[in-house]
Each structure stands twice: as C-alpha cells, then as structure tokens.
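According to this note's numbering, the stretch in the sequence shown is residues 195 to 613, in order.
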Amino acid sequence: MVHEFKMPDVGEGLTEAEILTWHVRPGDAVTDGQIVCEVETEKAAVELPVPFTGVVRELLFPEGSRVDVGEVIITVAPSGDTEEPRERQPVLVGYGVAESTAKRRARRTTTPPPGARRDAAGARPLAKPPVRKLAKDLGVDLRGVTPSGPGGVVTREDVRAALRPRPEAAHPPEAKTPAPHDDGRETRVPVRGVQKAMARATAGSAFTAPHVTEFVTVDVTRTMKLIEEVRKDPGTYGMTGLRVGPLLLIAKALLVAIRRNPDINASWDEANQEIVRKRYVNLGIAAATPRGLVVPNIKDAHARTLPELAESLGELVATARAGKTSPDALQGGTVTITNVGVFGVDTGTPILNPGESAILAVGAIKLQPWVHKGRVTPRRVTTLALSFDHRLVDGELGSKVLADVAAVLEHPKRLITWS
C-alpha cells in the first residue's frame with residue numbers, strides 16, 4: 195500500500211504553495227512526523243512533516259513548482275513494500291482536503307529535464323544531529339555544503355564556512371523559478387509568495403481604511419541611558435541573556451500608551467458596521483526578510499513583563515529573519531511597530547496592516563542640538579509617526595496615544611509609574 199501525502203492548507207484559506215526545498219529523495223526512509231520539504235505560501239515559509247512511516251517512492255513536483263492545496267506531492271511505501279501499486283489513502287487530519295474526482299489540472303511548471311526530480315532532492319548529506327540543528331538555525335542547506343570531516347561528514351566549521359561570501363560563479367545555476375525578464379531597458383520580475391500577499395494587503399488597506407498620520411519629535415536621551423545601564427548590569431534588571439535595545443523600550447512604551455487609551459485597540463467590522471474593541475494586544479513587528487516584508491505579532495503582548503517581552507521579541511525577529519515565521523504568527527495582530535530608523539530614515543507615513551487600528555513608525559535615533567533645561571545641548575532625538583484608521587480613531591485619541599509614547603520615551607521611569 196502506497197501512501198500519498200497531499201499539499202496541506204498551511205494557512206487560512208490558502209489555495210497554493212511553492213515547493214522551496216526537498217529534504218528527502220526517492221529511496222530515503224522516513225518516519226511519521228519527519229520534515230520532508232519546505233514550502234512557501236503567501237504568508238510564510240513552512241516546513242511540512244509527513245504523516246507516514248516508510249520509504250519515499252516518488253517526489254511528484256521538483257523544487258520551484260507551485261502546487262494547489264490537495265494535490266499529491268510525495269508518495270511513501272511501507273518498508274519492504276516499495277513496488278506495490280499506488281492506492282489513494284486519507285491524509286493526516288488538518289493536512290489536506292478531500293480528493294476531487296476530477297482530473298488533476300496541468301502542473302504550472304516547466305517540464306524538468308531527465309532526472310530533475312531525483313537531482314532536485316539531492317543526496318542526503320552526512321552530518322551529526324547537532325550540526326544539522328546548527329545548519330537549520332542558520333538557514334544553511336546542508337546539500338550545498340562541502341564536507342571536510344572523515345568519510346565526507348559535514349562539520350560545524352563547514353556550516354559556518356557556507357555563510358561566508360564566495361566568489362561569483364562563472365556559470366550560475368539554472369533558476370528554479372521564472373527568472374526576471376530583462377530586455378536591456380526594463381526588467382520584469384514575477385511577484386509571488388509573501389511579496390504578492392503584501393502587495394495585495396497594503397493596497398487593500400490603503401484604499402479601504404482612511405489613514406491619518408501624526409508626527410512627534412522626541413528626546414530619547416534618558417531612554418538610551420537606561421538601555422546602556424541594563425546592558426552593563428542585566429542581572430539587576432532581570433534581563434540576563436536577553437537583548438535590550440531601543441525597539442524593546444519603544445514596544446513597552448506603546449503598550450503603556452494603549453493601556454492608558456484602550457479605545458485605540460480596535461478593528462472595523464464592515465459586515466455589521468461595528469467597531470470591535472479588543473481587551474488584548476497582539477503587537478506586530480514589521481520585519482524585512484529575504485522573502486519580503488512580513489508582520490508577525492507577539493500574542494497577548496499587553497500581559498508580558500519587560501523580560502518576557504524581550505524574549506518574545508528576540509524569538510520573533512530571529513524566526514522572521516530565518517524565514518521560519520509560522521502562519522499563525524502572521525494572523526490576529528491589533529497594532530504594529532515598524533522601525534524604519536534601522537535604514538537611516540528619519541520618519542515615514544506607514545500603511546496600516548489590514549485589520550489593525552494603528553501602526554507606529556520609529557525613525558533613526560540621532561545626536562542633535564536640543565533645548566534642554568534652557569540650554570542648547572546635544573541630545574539623542576528621534577521622530578515617531580503614528581498612522582491610524584480614522585473610522586476607529588479620531589484625532590484626539592490618536593494624538594493622546596502618540597503623546598503618551600513620546601512621554602514614556604522622554605522619561606522612561608513612567609514605564610513604572612504609568613503601568
């Protein structure tokens with residue numbers, strides 16, 4: 195009996211996904227729950243575990259293929275029974291849809307050259323579990339690593355070496371997805387996956403929610419001094435082993451401002467023409483990743499202590515940069531922060547994440563002349579910009595929230611007195 199594993203709906207209502215990487219090849223033994231491939235949807239890159247134990251019979255799509263939800267992508271035969279004819283089996287609950295009796299439509303990919311399916315998976319590299327974990331954490335594909343260990347075993351140093359810049363190859367490998375079309379004057383680049391979803395979402399938000407953006411310039415010198423103190427003596431503040439930076443304090447300041455002005459934490463119900471007030475804050479953090487802009491969120495951020503918020507923020511950023519953000523982390527956000535200052539930008543007019551009420555843009559923190567205690571002196575200064583949905587938030591409420599964020603950053607002791 196041959197088991198068929200179908201492309202699951204790894205998000206809410208997604209209809210297709212692109213196969214990025216196969217981690218197995220025909221003839222490999224697999225166990226129930228083993229990761230066999232990585233796919234990219236319009237929301238995130240997701241690793242897929244196979245719900246069977248046995249031997250891989252066939253990979254039905256090469257890397258780079260776009261596959262509809264419900265289509266069979268891999269077949270697995272029980273050990274010692276690899277030649278038995280295929281028979282359709284139910285998929286794991288939550289990992290597919292009911293099979294249609296209609297004929298499968300043509301695959302939307304070019305016909306691979308002979309042996310492409312086998313070569314796409316590549317030979318399984320030899321590496322110890324700790325090395326495999328290191329490669330996964332760093333986003334390194336072991337199949338592209340040159341082994342230096344005895345018997346062709348990949349070592350930790352091999353994985354780290356793979357991250358170092360390499361000379362440009364004289365003959366780059368053939369693209370697995372449609373390459374940008376360049377006629378010498380214009381270049382056309384296919385938009386897909388996360389980038390396509392973000393383009394659709396931001397366009398929908400910009401032309402649906404009436405945006406208002408307000409600005410304030412803030413002296414954050416005291417906040418920066420507090421950050422330096424915590425970094426020097428993290429144990430005293432309960433922050434040992436945690437990353438402490440401006441984004442953490444800005445996030446906490448925004449949460450304090452929302453607590454003082456809870457009506458800003460809402461969404462618009464178009465069907466019922468209602469404003470939905472929310473008693474929880476799922477704080478989104480806009481993150482630039484190799485696959486495009488994503489906005490994962492920290493669930494129930496309002497209930498987290500500063501150390502807990504720091505830990506969650508660190509995990510969120512690391513996961514996003516590695517392209518491993520789960521679909522669940524991209525859903526349900528209420529308010530977002532976008533740190534455009536990391537690019538040296540002073541400010542901006544951010545577009546709301548769909549379904550959210552507000553987004554705070556943080557500009558670069560710069561040393562500037564500032565009037566402090568009646569004298570002009572160099573101070574650390576930044577500009578904050580708050581965009582909000584005017585259906586939910588009027589000018590007074592939006593101004594109060596932005597002013598409260600600024601007040602906390604000017605005097606970070608308010609994190610305690612206002613909490």
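Think of the CB as a built atom: it goes at the ideal place given N, C-alpha and C, for glycine as much as any other residue. In this text, all values refer to a predicted model and were calculated from it rather than measured experimentally.
> Within 10 angstroms of its Cβ, does His584 collect 16 or more other Cβ (buried), or is it exposed?
Replying inline: By one-based count along the sequence shown, residue 584 stands at place 390. It is exposed - the Cβ of His584 has fewer than 16 other Cβ atoms within 10 Å.
>> Out of Thr519, Arg608, Glu351, Pro319, which one is the CA nearest neighbour of Leu420?
In response: Mapped onto the sequence shown, residue 420 falls at position 226. Ranking the options by Cα distance to Leu420, first place goes to Arg608.
> So what does Thr411 bridge to, in DSSP terms?
Replying inline: For the purposes of this step, residue 411 is taken as the residue at position 217 of the sequence shown. Thr411 is bridged to Thr577.
>> Need the endpoints of the beta strand (DSSP E) that Asp262 sits in, please.
In response: Within the sequence shown, the letter at position 68 stands for residue 262. First-last of the beta strand (DSSP E) with Asp262: 260 to 262.
> When we look at the beta-carbon of Met418 and count the other beta-carbons within 10 Å, is it buried (16 or more) or exposed?
Replying inline: For this step, residue 418 is matched to residue 224 along the sequence shown. It is buried - the Cβ of Met418 has at least 16 other Cβ atoms within 10 Å.
>> Excluding the 5 residues flanking Ser461 on each side, which residues of the same chain have their C-beta closer than 6 Å to its C-beta?
In response: In the sequence shown, counting from the first residue as 1, residue 461 sits at position 267. Counting only Cβ-Cβ distances below 6 Å, and skipping sequence neighbours, we find Val470, Gly549.
> Can you name the residues that DSSP bridges to Leu320?
Replying inline: Counting from 1 along the sequence shown, the entry for residue 320 is found at position 126. Val347.
>> Helix, strand or coil, according to DSSP, for Lys200 in the structure here?
In response: As a working note, residue 200 is residue 6 in the sequence shown. Three-state result, Lys200: strand.
> How close, in whole Å, do the beta carbons of Leu578 and Asp457 come, if the pair is a contact with beta carbons under 8 Å?
Replying inline: The residue labelled residue 578 in the question sits at position 384 within the sequence shown. The residue labelled residue 457 in the question sits at position 263 within the sequence shown. No, Leu578 and Asp457 are not in contact; Cβ-Cβ is about 20 Å, not under 8 Å.
> Got a sec, what are the start and stop residues for the alpha helix (DSSP H) Ser461 sits in?
Replying inline: In the sequence shown, counting from the first residue as 1, residue 461 sits at position 267. First-last for Ser461: 460 to 463, but that is the beta strand (DSSP E), not the alpha helix (DSSP H).
> What are the partner residues of Phe255, as DSSP defines its beta bridges?
Replying inline: Indexing the sequence shown from 1 puts residue 255 at position 61. Under DSSP, Phe255 takes part in no beta bridge, so it has no partner.
>> Short of 7 Å in beta carbon distance, which residues of its chain neighbour Thr541, apart from the five on each side in sequence? Order them along the chain.
In response: As a first step, residue 541 must be located in the sequence shown, where it is residue number 347. Within the same chain, Thr541 has close Cβ partners Phe409, Ala555, Gly557, Thr577, Ala579.
>> Can you check which of these residues, Arg573, Gly435, Val230, Ala451, is closest to Glu502 by C-alpha distance?
In response: Within the sequence shown, numbered from 1, the residue matching residue 502 stands at position 308. When only C-alpha atoms are compared, the closest one is Gly435.
>> Per DSSP, what are the beta-bridge partners of Gly508 in this structure?
In response: Locating residue 508 in the sequence shown gives position 314, counting from the first residue. Residue pairing by DSSP leaves Gly508 without any beta bridge partner.
>> Looking at the secondary structure, which residues open and close the beta strand (DSSP E) in which Thr619 lies?
In response: Past the edges of the chain, shown from 195 to 613, lies residue 619, and the structure says nothing about it.
>> Can you tell me which residues form a DSSP beta bridge with Leu554?
In response: Locating residue 554 in the sequence shown gives position 360, counting from the first residue. Paired residue(s): Ile531, Leu580.
>> Which residues does DSSP list as the beta-bridge partners of Lys560?
In response: Taking the sequence shown and counting its residues from 1, the one referred to as residue 560 is at position 366. Bridge partners of Lys560: Val575.
> Got a sec, what are the start and stop residues for the alpha helix (DSSP H) Ile444 sits in?
Replying inline: Within the sequence shown, the letter at position 250 stands for residue 444. First-last of the alpha helix (DSSP H) with Ile444: 440 to 454.
> How would you call Gly589, buried or exposed, if buried means at least 16 neighbouring beta carbons within 10 angstroms?
Replying inline: Within the sequence shown, residue 589 is the residue found at index 395, counting from 1. Flag for Gly589 reads exposed.
>> If you reduce the DSSP assignment to three classes, tell me which class Glu265 lands in.
In response: Your numbering for residue 265 matches position 71 in the sequence shown. If DSSP states are grouped into helix, strand and coil, Glu265 belongs with coil.
> Gly542 by DSSP, collapsed to three states: which one?
Replying inline: For this step, residue 542 is matched to residue 348 along the sequence shown. Gly542 falls in the coil class under three-state DSSP.
>> What does the Cβ neighbour count give for Pro384, buried or exposed, with the cut at 16 atoms within 10 Å?
In response: Residue mapping note: residue 384 aligns to position 190 of the sequence shown, counting from 1. Pro384 is exposed by the Cβ-count criterion.
>> Which of the three DSSP states is assigned to Leu242 in this structure?
In response: In the sequence shown, residue 242 corresponds to position 48, counting from 1. If DSSP states are grouped into helix, strand and coil, Leu242 belongs with the strands.
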